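Enquirer:
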Amino acid sequence: MEILLLGIYSFFVWLIFFKFKLLPWNMVSQVIVVTLPIIGLTATILILNAVAPSSHDVRVINYVVPINSPVRGMVTEVPIEPNRPIKKGEVLFKIDPTPFEIACKSYEAQLAQLQVQLLTAEASSRNLPEQLKGATGQRESLNSKLQLSRLRLAQFKELAESGAGNKFDYEEAQSDVLGLEGEMASLTAAESQAREKLATKTSTGDQDDVASVKAGIAKAEAQLAEAKWELSQTTYLAPANGTVVALTLRPGAMA
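Sequential numbering of the sequence shown, starting at 503, is according to our numbering.
1) Give me the residue from R752, S626, I588 with the minimum Cα distance to A713.
2) Apart from the five residues just before and just after A722, which ones in its own chain have a Cβ nearer than 7 Å to its Cβ?
3) Is A757 buried or exposed, if buried means 16 or more other CB atoms sit within 10 Å of its CB?
4) Give the DSSP-derived three-state secondary structure of T736 in the structure shown.
5) Quick check: the segment 646 to 661 against the segment 669 to 683, are at least 3 beta-carbon pairs closer than 8 Å?
6) Nearest-angstrom Cα distance between E583 and Q735?
7) At a cut of 8 Å, does the segment 532 to 549 reach the segment 684 to 697 through at least three beta carbon pairs?
8) Going by the CB atoms, is the gap between V746 and N564 shorter than 8 Å?
9) Once the 5 residues before and after R641 are set aside, which same chain residues still bring their CB inside 8 Å of it?
10) Starting from I597, follow the beta strand (DSSP E) in both directions and report where the run begins and ends.
11) By Cβ distance, which residues of its chain are closer than 8 Å to V679, with the 5 residues on each side in sequence left out?
12) Among A748, P599, W527, whose alpha-carbon lies nearest the alpha-carbon of V515?
13) For the alpha helix (DSSP H) containing T546, list its first residue and its last residue.
14) Output needed for P587: all residues of its chain with C-beta closer than 7 Å, excluding positions within five of it in sequence on either side, in chain order.
15) Between the Cα of L550 and those of E504, D710, A623, spot the shortest distance and give me the residue it belongs to.
16) Quick one: is Q709 buried, meaning 16 or more other Cβ sit within 10 Å of its Cβ, or exposed?
17) What does the alpha-carbon distance come out to for the pair G684 and E624?
18) Just to confirm the assignment, what range does the alpha helix (DSSP H) spanning E583 have?
19) Based on Cα-Cα distance, which residue from A742, G754, L749, T737 lies nearest to V593?
20) With distances taken between CB atoms, is the gap from L733 to F595 smaller than 8 Å?
21) Check T745 in the structure and name its three-state DSSP category.
22) The beta strand (DSSP E) spanning V467 covers which residue range?
23) Distance, Cα to Cα, E728 vs Q633?
24) Can you give me the Cβ contacts of I719 inside the same chain, cut-off strictly under 8 Å, excluding the 5 residues immediately before and after it?
25) Taking C-beta to C-beta, are L739 and G591 nearer than 8 Å?
This is the structure in structure tokens:
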């Protein structure tokens, strides 16, 4: 800057004293011409020392972004070189995608299986009213047979006790009653179970079996989405423009 100012000053001196000869070039003018730049430069240096920022500790700061893979696996390719400019979106390294592809296929198969289970559960849910109706009808029909068998049992018992009846007939009637009572207990339990299933619903109106399968499907879909995201991260792209300053990653290493 000082040289530029001296050059401008010399140009104006040449114009005034030599080109246009506006002032005489004598001893006085020579002293003034020499003294003015010395005073001006001295004043400029003093002012800059007082107001210009200065420091004994000068540092050049660059932003460094550490690169860490969000998924772990074996590195198969590192197509970059150190101290070379990298553009945003360029491939920095690749990880073996095989384990992540297997995980995606596993969750896809699990999701397909759950969707089949959902169809079965929905069909069973639609049949619950008919199942309840059928269980109720069977129980009522069996109840009539049971009442008749109990009546016959009482008659055979009375005959056997009076000696007019056959004891074998009484024991057979007693066995029939016990068998029918067992069937009645089983049908009553089936009817009760169908009634409870029909009454058990979630806040969305689904039966508990259907709601359980839907929850499993939602979980499998979330796991599949996560597995697909992890698969996409096996090819790591540069997040911004920059330069690789330290490259220690090599194919075969674990990232």
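Even for Gly, the Cβ is constructed at its ideal location relative to N, Cα and C.
Predicted model, so just to flag it, every value in this text is computed and none were measured.
Expert: The answer reads as follows:
1) For the purposes of this step, residue 713 is taken as the residue at position 211 of the sequence shown. Of the candidates R752, S626, I588, the one whose C-alpha sits nearest the C-alpha of A713 is S626.
2) The sequence position of residue 722 within the sequence shown is 220, counting from 1. Residues Y609, Q612, L613, L616 of the same chain have their beta carbon placed closer than 7 Å to that of A722, with the five preceding and five following residues left out of the count.
3) Position 255 of the sequence shown, counting from 1, holds the residue named residue 757. Classification of A757: buried, given that the 10 Å Cβ count is 16 or more.
4) For the purposes of this step, residue 736 is identified with residue 234 of the sequence shown, where counting begins at 1. The answer is coil: DSSP assigns T736 none of H, G, I, E or B.
5) As far as the Cβ criterion goes, the segment 669 to 683 touches the segment 646 to 661, which means the pair count is three or higher.
6) Position 81 of the sequence shown, counted from the first residue, corresponds to residue 583. Position 233 of the sequence shown, counted from the first residue, corresponds to residue 735. E583 and Q735 have their C-alpha atoms some 21 Å from each other.
7) Too few Cβ pairs lie closer than 8 Å, so no.
8) Within the sequence shown, the letter at position 62 stands for residue 564. Within the sequence shown, the letter at position 244 stands for residue 746. No, these two residues do not count as a Cβ contact at 8 Å.
9) Within the sequence shown, the letter at position 139 stands for residue 641. Here the set comprises M686, L689, T690, E693.
10) Numbered from its first residue, the sequence shown carries residue 597 at position 95. Counted as a single uninterrupted DSSP element, the beta strand (DSSP E) harbouring I597 occupies residues 593 to 597.
11) Taking the sequence shown and counting its residues from 1, the one referred to as residue 679 is at position 177. Only L648, S651, R652, L655 meet the Cβ criterion.
12) Residue mapping note: residue 515 aligns to position 13 of the sequence shown, counting from 1. In terms of Cα proximity to V515, the closest of A748, P599, W527 is W527.
13) Here residue 546 corresponds to residue number 44 of the sequence shown, with the count starting at 1. Per DSSP, T546 belongs to the alpha helix (DSSP H) from 529 to 553.
14) Taking the first residue of the sequence shown as position 1, residue 587 is located at position 85. If we look at P587 and ignore the five residues flanking it on each side, its Cβ neighbours are T745.
15) Within the sequence shown, residue 550 is the residue found at index 48, counting from 1. For L550, the nearest C-alpha among the options comes from E504.
16) One-based indexing of the sequence shown puts residue 709 at position 207. Sixteen is the threshold: when 16 or more other Cβ atoms of the shown chains lie within 10 Å of the Cβ of Q709, as they do, the residue is buried.
17) Locating residue 684 in the sequence shown gives position 182, counting from the first residue. Locating residue 624 in the sequence shown gives position 122, counting from the first residue. Rounded to the nearest angstrom, the gap between the Cα atoms of G684 and E624 is 31 Å.
18) By 1-based counting over the sequence shown, the position of residue 583 is 81. Careful: E583 lies outside any alpha helix (DSSP H) and carries neither H nor E.
19) Working through the sequence shown from its first residue, we reach residue 593 at position 91. A check of alpha carbon separations from V593 across A742, G754, L749, T737 identifies T737 as the nearest.
20) Position 231 of the sequence shown holds residue 733. Position 93 of the sequence shown holds residue 595. Contact flag unset, no.
21) Taking the first residue of the sequence shown as 1, we reach residue 745 at position 243. Of the three classes helix, strand and coil, the one that applies to T745 here is strand, per DSSP.
22) Shown here, the chain extends from 503 to 757; a query on residue 467 therefore has no answer.
23) Residue mapping note: residue 728 aligns to position 226 of the sequence shown, counting from 1. Residue mapping note: residue 633 aligns to position 131 of the sequence shown, counting from 1. Straight-line Cα distance between these residues: approximately 41 Å.
24) Translated into the one-based positions of the sequence shown, residue 719 becomes position 217. Once the five neighbours on either side are set aside, the close Cβ partners of I719 are L613, L616, Q617, L620.
25) Position 237 of the sequence shown, counted from the start, is the residue given in the question as residue 739. Position 89 of the sequence shown, counted from the start, is the residue given in the question as residue 591. Yes, the Cβ-Cβ distance between L739 and G591 is below 8 Å.
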